[in-house]
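Below is one structure, written out as structure tokens; comments come after it.
Numbering (our numbering), first residue to last: 423 to 513.
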């Protein structure tokens with residue numbers, strides 16, 4: 423997955439979008455992937471810091487991943503990009 427992020431001074435700004443190409447598979451696979459990614463964001467968005475616009479672009483093979491694999495990948499990218507606070511070691 424790839425994240426494209428634009429940070430803003432306005433802490434109330436929180437926008438999230440998913441962009442999928444036909445290379446990811448048939449329409450039903452792309453729609454299922456989009457629903458899963460939006461659900462992951464919906465559940466986790468309260469822990470994100472404010473002031474951002476994000477476009478998420480999944481790579482080939484993402485449609486075949488399980489929900490838990492997608493969630494771990496999504497949260498890892500969000501942490502590395504600065505949208506989520508880093509977890510303390512040993513907790």
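Every residue gets a Cβ at the ideal spot worked out from N, C-alpha and C, and that includes glycine.
Since we're looking at a predicted model, the values are computed, not measured.
What's the gap between the Cα of residue i and the Cα of residue j?
i: residue 438; j: residue 427; result: 9 angstroms
i: residue 490; j: residue 470; result: 19 angstroms
i: residue 500; j: residue 444; result: 25 angstroms
i: residue 446; j: residue 496; result: 17 angstroms
i: residue 454; j: residue 434; result: 29 angstroms
i: residue 474; j: residue 450; result: 29 angstroms
i: residue 508; j: residue 481; result: 24 angstroms
Cα-Cα, which of the options is closest to residue i?
i: residue 503; options: 478, 483, 434; result: 478
Do residue i and residue j have their C-beta atoms within less than 8 angstroms of each other?
i: residue 459; j: residue 452; result: no
i: residue 492; j: residue 462; result: yes
i: residue 476; j: residue 456; result: no
Give the C-beta separation of residue i and residue j to the nearest angstrom, bearing in mind that I take them to be a contact with Cβ-Cβ under 8 angstroms.
i: residue 472; j: residue 436; result: 6 angstroms
What are the boundary residues of the alpha helix (DSSP H) that includes residue i?
i: residue 454; result: 449-466
Looking at the C-beta of residue i, does it have a partner C-beta in chain C at a distance below 8 angstroms?
i: residue 498; result: The structure shown contains no chain C; it holds only a single protein chain.
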